[in-house]
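In the numbering used here, the protein residues as written are 8 to 490.
A short write-up of the structure that comes next.
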C-alpha cells in the first residue's frame, strides 16, 4: 500500500514537472533554480550552499581537538573493517542455512518498510535514516574543512521512500591530499555513525530514569493497543489502559518480561491447584476418548465451556481423585489461587494438581490486572499479534505512554540503523566509503611493493566482488522475507 501511494505521488509530481517545463513556465523554473529542487524518476533531489559557512566555521573552530577526534575515528574504522567482513560472511551463512533469516541472532539484515518492516513504522524508518545520513555527511564535511577541502554544496535525496543526505566536495583538492588526510576524511562518516549509535544507546538506557517522574516502571505493563479482531477484547477481556502484572504464575514487570512470560506459557503448560469440592460439584466427565495424535478427551463436544483436566499425582501413588475430570475452565481458573505447573506438582494441603488437556497449541491463561483477572482459552500467538503493551504506566500528567514509547522506539532505530550504516559503509563495496578506504589503505601498505596500478586493480576486483556478494545477499534476504 505504501509503495502504491508513493508511486501515485511520484507520477503526479513528474507529470506537472514535465508539463511546466514543456510550457516554459518561467515562475516554476525560477522556483526550482532558487530552491535547488530537482525532480527525477522516482526521486526528489535538493541541494543548497546555505550551510557552507556554518560548516566552515565548525571545521575551523578547534583544529587541534578535531584532528585528535578524527584520528581516533580512523583507528576505530580500521578495527571495524575486519569485523564487518566477518559479520557479512556470518550473516550470509546464517541466512542461507536457516529458515528464520537469523532474526534472533546478530546479523546484517536489509530492511524495507512493507517487506520485512511494518509499513506503519515508515516514519521512524525515514526519520532515522535522514538523521543517520546527516550525521554521517557532517563528519565528512567537518573533516574536509579541517584539511582544506572546499565544500561545493550539501543536499538531500529521496529515492522512492528512502531519504538520505550528502555533501559534495571539491574533487581536485580532495585527490591532492596526503593519503593519511584522505583516510581521515573518508573514515569520518563511519566514525560519526558509530558515535551516534553509542549516544542513542546511552540515551535508551537512561530513558527509564528520565521518565520515572511521570510513569511507574517495573510494576507491570500497560495495554496500549488491542486489535479489533482480538478475542481478548470485550467487557470480560482486556481494555486499553489496563495494567497487567502477571500471566499465570509468571510475574510481568516490563515489556521484556511480558514476552518472556508468553514464551514460558507456550513451553510450560499451566497446571492449577484445585479443591476437591469444585471437582465433585462441577465434574461432567465422560468415558475417555482418544481423538488422534495422542490427544485425550473426557468432555462432551457440545460443552464448549468445559475442558478436560488431567490429575498430576506428585507421588505417583494411589490416585485420590479421578485421573481425568471435565470442568468449566473459567470456574477452575477463578477459584484457583495456586499453580503447580512444574515438577513435583506440589499443592498446598487439601488441594490437588490438575493440568488442562488442550490440543493444537491452545493454552489456558489467567492474566492478572489491577482490577480483575482475565481468563482466556486460546493461542499464545493471539496475544503476540493483537495486544501491544508498554513498560511505562502513567502516574499523572500523561494519560498514555505514547511519548516514552515513541522515544524508545526511535532510539532503538537510531542505535541499530546507525551502527548498521557504519558496518555497511566500511565494507569494500561500490558507492560506499569502504570502496575508497580499502583502496587508500592498500596504497599506503602495498604501493611500494607492487606498484600503484597493480594495487588499484586488485582493490577494484575486491570491490566488485563484494558488491556482487552484497547485492545478491540483499536480494535473497528480501525475497526470503516475502515468501
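Ideal placement from N, C-alpha and C gives every residue a C-beta, glycine not left out.
For clarity, every value in this text was computed on a predicted model and none was experimentally measured.
Alpha carbon to alpha carbon, how far is residue 99 from residue 109? Give it in angstroms, no decimals.
Caution applies to residue 109, whose pLDDT of 48 falls short of 50 and renders its modelled position unreliable; the model cannot decide the point.
My output table needs one value for residue 87: the three-state DSSP class, helix, strand or coil.
In the structure shown, residue 87 sits in a helix (DSSP, three-state: H, G or I).
Apart from the five residues on each side of it in sequence, which residues of its chain come closer than 8 angstroms, Cβ to Cβ, to residue 344?
The answer, listed in chain order, is 280.
What did DSSP end up calling residue 162 once you bin it into helix, strand or coil?
Reduced to three states, the DSSP call for residue 162 is strand.
Does the segment 196 to 211 come close enough to the segment 358 to 368 to have 3 or more Cβ pairs within less than 8 angstroms?
With a cut-off of 8 angstroms, the segment 358 to 368 and the segment 196 to 211 do not count as touching, because too few Cβ pairs lie within range.
Give me, in chain order, the residues of the same chain whose beta-carbon lies closer than 8 angstroms to that of residue 328; leave out the 5 immediate sequence neighbours on both sides.
So the list reads 283, 286, 318, 359, once near-sequence residues are dropped.
Please classify residue 109: does DSSP put it in a helix, a strand, or coil?
With a pLDDT of 48 at residue 109, under the threshold of 50, the predicted position of this residue should be treated as unreliable, though the coordinate-derived value follows. The answer is coil: DSSP assigns residue 109 none of H, G, I, E or B.
In the DSSP assignment, the alpha helix (DSSP H) including residue 271 goes from what residue to what residue?
Run containing residue 271: 262 to 274, per the alpha helix (DSSP H) assignment.
Tell me whether the beta-carbon of residue 331 lies closer than 8 angstroms to the beta-carbon of residue 316.
Cβ distance < 8 angstroms, so residue 331 and residue 316 count as in contact.
Exposed or buried, which one is residue 112 when buried takes at least 16 other CB atoms within 10 Å?
Residue 112 is exposed by the Cβ-count criterion.
Quick check on DSSP: helix, strand or coil for residue 331?
Note: residue 331 maps to strand in three-state DSSP.
For the beta strand (DSSP E) containing residue 362, list its first residue and its last residue.
Unbroken beta strand (DSSP E) run through residue 362: 359 to 363.
Say whether the segment 147 to 163 touches the segment 62 to 71, bearing in mind that this needs 3 or more beta-carbon pairs closer than 8 angstroms, one atom from each stretch.
As far as the Cβ criterion goes, the segment 147 to 163 touches the segment 62 to 71, which means the pair count is three or higher.
Could you tell me which of 335, 233, 91 sits nearest to residue 436, measuring between CA atoms?
For the residues 335, 233, 91, the minimum Cα distance to residue 436 belongs to 91.
Whether or not the segment 235 to 242 and the segment 211 to 225 are in contact is what I'm after, with contact meaning three or more pairs of Cβ atoms, one per stretch, closer than 8 angstroms; do they touch?
Touching, no, given that fewer than three Cβ pairs across the two stretches are closer than 8 angstroms.
Taking the alpha-carbon of residue 61 as reference, which of 161, 459, 50 has the nearest alpha-carbon?
Checking every option, the nearest Cα to that of residue 61 belongs to 161.
Give me the residue from 251, 186, 302, 395 with the minimum Cα distance to residue 451.
The shortest Cα separation from residue 451 among 251, 186, 302, 395 belongs to 186.
Go through its chain and collect everything with a Cβ distance to residue 275's Cβ below 7 angstroms, but skip five positions before and after it.
Around residue 275: 348, 349.
I'd like the list of long-range same chain contacts for residue 272, defined as Cβ closer than 8 angstroms, with 5 residues on each side in sequence excluded.
If we look at residue 272 and ignore the five residues flanking it on each side, its Cβ neighbours are 254, 255, 257, 370, 372, 387.
Can at least three beta-carbon pairs, one atom from the segment 189 to 196 and one from the segment 115 to 129, be found at a separation below 8 angstroms?
The answer is no - the segment 115 to 129 does not touch the segment 189 to 196, with fewer than three Cβ pairs under 8 angstroms.
If you run the structure through DSSP and keep just helix, strand and coil, what is residue 481?
Residue 481: helix per DSSP, three-state reduction.
In terms of residue numbering, what span does the alpha helix (DSSP H) encompassing residue 218 cover?
Start and end: 186 to 218.
Once DSSP output is grouped into helix, strand and coil, what is the label at residue 496?
Residue 496 is absent from the model: the chain starts at 8 and stops at 490.
Compute the Euclidean distance between the alpha carbons of residue 222 and residue 58, then round it to the nearest angstrom.
Spanning the two alpha carbons is a distance of roughly 40 angstroms.
Return the first residue and the last residue of the beta strand (DSSP E) that residue 395 is part of.
394 to 397 is the extent of the beta strand (DSSP E) around residue 395.
Compute the Euclidean distance between the alpha carbons of residue 204 and residue 259, then round it to the nearest angstrom.
For residue 204 and residue 259, the distance between alpha carbons rounds to 29 angstroms.
Nearest to residue 377 by CA position, among 51, 245, 70, is which residue?
Selected option, being the one with the closest Cα: 245.
So which of 269, 472, 412 has the shortest CA-CA distance to residue 389?
Of the candidates 269, 472, 412, the one whose C-alpha sits nearest the C-alpha of residue 389 is 269.
Threshold first: 4 residues or longer. Then list the alpha helix (DSSP H) segments lying entirely within the segment 388 to 434, N to C.
Complete alpha helix (DSSP H) runs here, min 4: 409 to 433.
Please state whether DSSP places residue 223 in a helix, a strand or coil.
Correct three-state label for residue 223: strand.
Is residue 229 a contact residue of the ligand FMN, with contact defined as CB to any heavy atom under 7 angstroms?
Among the ligands in the structure shown, none appear at all, so the ligand FMN cannot be discussed.
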